[in-house]
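Student:
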Amino acid sequence: GGIFAARGSAGTLTLEDAYALLDPIFAPSVGSVAPELGTNAQIVAGRENTNTRVVGVTREYQFVRNFPVSSGSFITLGQVLNNSEVVVLGSSVAETLFGNRDPVGQNVRLSGRRFEVVGVLESQGGAAFGSFDDQALVPITTAFYRLSGRQTNQGSVRVDTINVTAKDAESMDNAIGEISTVLRLRHRITAEDDFTVSSQQETIEALEETTNTFVMFLGGIAGISLLVGGIGIMNIMLVSVTERTREIGIRKAMGA
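Its first residue numbered 24, the sequence shown is counted upward by one per residue in the numbering used here.
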């Protein structure tokens, strides 16, 4: 298996795009989807505070990205539908704000708004571009309407990334094709795609070639992401869509 990254135009992906990928007629190889929307914010608890990445998610995100909770619960469907001001803390954020105390049931202030802590994620450790422990998860609707400061895309909630699982490893290639087809139809694309898809191996090779280059991912870059790989006996596929033009600009600015 591998990770597939599809890069596309900014602001084009919506919650409706994510749910359209669950269509059994147009995308029979897709298993589940978990859209996300990222921003950065300050979280305050009493006299403690920290700046962290805040990710708006749906309940499926926990399973698609394999983020179990060590305390409390994950984001629920009801909390997404109600734009609830609740938050699940990464383990390092929880430790910074609350030390050894269990923060579940406590209130924090996130960008000045009061949120109830409903869960804490199990420690995930470092990742290529930061630590999964240094983040906070909120309902994706709450992130969009209360925290992101973004305008809707023709009335729709915009998302950065759509994490998608294929039904099995054999469905990987079909799922990628189906995702492209659905997005082209929904975005009314008749010429060149406004997104590209690259495999995990290609991503690794590209990173090896730019070992000495500082790579930065900006919050607010539109994207769809799909991971295909084995977690235990599960085969997961993740496809990422980000803004092509802005990424090229970043690389040029950094001399790449």
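Positions of the beta carbon are idealized from the N, C-alpha and C atoms, including for glycine.
Throw me the rounded Cβ distance for the V88 and L100 pair, which I believe falls under 8 angstroms.
Tutor: The residue you call residue 88 lines up with position 65 of the sequence shown. The residue you call residue 100 lines up with position 77 of the sequence shown. For the record, residue 88 in the displayed sequence is Arg; it is not Val. Not quite, the Cβ-Cβ distance comes to about 17 angstroms (not below 8 angstroms), so this is no contact.
Student: In chain order, what residues of the same chain lie with their CB nearer than 8 angstroms to the CB of V92, ignoring the 5 residues before and after it?
Tutor: Walking along the sequence shown from the start, residue 92 turns up at place 69. The residues are Q85, V111, G142, V143, L144, E145.
Student: Just the Cα atoms here: how many angstroms apart are V140 and Q65?
Tutor: Residue 140 sits at position 117 when you count from the first residue of the sequence shown. Residue 65 sits at position 42 when you count from the first residue of the sequence shown. Those two C-alpha atoms are separated by around 15 angstroms.
Student: Specify, as a first and last residue, the run of the alpha helix (DSSP H) that D212 falls within.
Tutor: Taking the first residue of the sequence shown as position 1, residue 212 is located at position 189. Note on residue identity: the sequence assigns Ile, not Asp, to residue 212. That residue, I212, is in no alpha helix (DSSP H); it is neither H nor E in DSSP.
Student: Compare the Cα-Cα distances from L60 to each of V53, L170, A117 and report the closest residue.
Tutor: Position 37 of the sequence shown, counting from 1, holds the residue named residue 60. Among V53, L170, A117, the Cα nearest to that of L60 belongs to L170.
Student: Out of V187, G148, D40, T73, state which residue places its alpha-carbon closest to the alpha-carbon of F121.
Tutor: What you label residue 121 is simply residue 98 of the sequence shown in a count that begins at 1. The candidate whose alpha carbon is nearest that of F121 is T73.
Student: Please state whether the Cβ-Cβ distance between E201 and A41 is less than 8 angstroms.
Tutor: Numbered from its first residue, the sequence shown carries residue 201 at position 178. Numbered from its first residue, the sequence shown carries residue 41 at position 18. No, the Cβ-Cβ distance between E201 and A41 is not below 8 angstroms.
Student: Look at the alpha carbon of S96 and the alpha carbon of I185, and state the distance between them as a whole number of angstroms.
Tutor: Within the sequence shown, the letter at position 73 stands for residue 96. Within the sequence shown, the letter at position 162 stands for residue 185. If you take the alpha carbons of S96 and I185, they lie about 22 angstroms apart.
Student: Identify the residues that DSSP records as bridge partners of Q65: which are they?
Tutor: Taking the first residue of the sequence shown as position 1, residue 65 is located at position 42. In the DSSP output, where bridge partners are listed per residue, Q65 has N74.
Student: Go ahead and pull the three-state DSSP assignment for L250.
Tutor: Along the sequence shown, read from residue 1 onward, the residue named residue 250 stands at position 227. Any reading at L250 must be qualified, since the residue scores a pLDDT of 37, below 50, and its modelled position is unreliable; no value is offered.
Student: Excluding the 5 residues preceding and the 5 following S107 in the sequence, name in chain order all residues of the same chain whose CB lies nearer than 6 angstroms to its CB.
Tutor: For the purposes of this step, residue 107 is taken as residue 84 along the sequence shown, with counting starting at 1. Within the same chain, S107 has close Cβ partners P162.
Student: Under a Cβ-count criterion, where at least 16 other Cβ atoms within 10 Å of its own Cβ denotes burial, should R75 be classed as buried or exposed?
Tutor: If you number the sequence shown from 1, residue 75 lands on position 52. Checking the sequence shown, residue 75 turns out to be Thr, not Arg. Classification of T75: buried, given that the 10 Å Cβ count is 16 or more.
Student: To test your reading of the DSSP string, which unbroken beta strand (DSSP E) runs of 3 or more residues are found completely within the stretch 109-171?
Tutor: Counting only runs of 3 or more, we get 109-112, 130-133, 136-144, 158-162.
Student: Nearest to V109 by CA position, among G79, N63, R211, is which residue?
Tutor: Mapped onto the sequence shown, residue 109 falls at position 86. For the residues G79, N63, R211, the minimum Cα distance to V109 belongs to G79.
Student: Looking only at DSSP bridge pairs, what is P58 linked to?
Tutor: The count along the sequence shown starts at 1 and reaches residue 58 at position 35. In the DSSP output, where bridge partners are listed per residue, P58 has I185.
Student: Using the DSSP secondary-structure output, state which residues sit across from T37 in a beta bridge.
Tutor: Taking the first residue of the sequence shown as position 1, residue 37 is located at position 14. Partner(s): R181.
Student: Measuring straight from C-alpha to C-alpha, what distance separates G172 and D125?
Tutor: Numbered from its first residue, the sequence shown carries residue 172 at position 149. Numbered from its first residue, the sequence shown carries residue 125 at position 102. Approximately 31 angstroms between the Cα atoms of the pair.
Student: For V77, which of R132, S203, R211 has the nearest alpha-carbon?
Tutor: Position 54 of the sequence shown holds residue 77. Among R132, S203, R211, the Cα nearest to that of V77 belongs to R132.
Student: Within 10 Å of its beta-carbon, does L36 have 16 or more other beta-carbons around it, so buried, or fewer, so exposed?
Tutor: Walking along the sequence shown from the start, residue 36 turns up at place 13. Flag for L36 reads buried.
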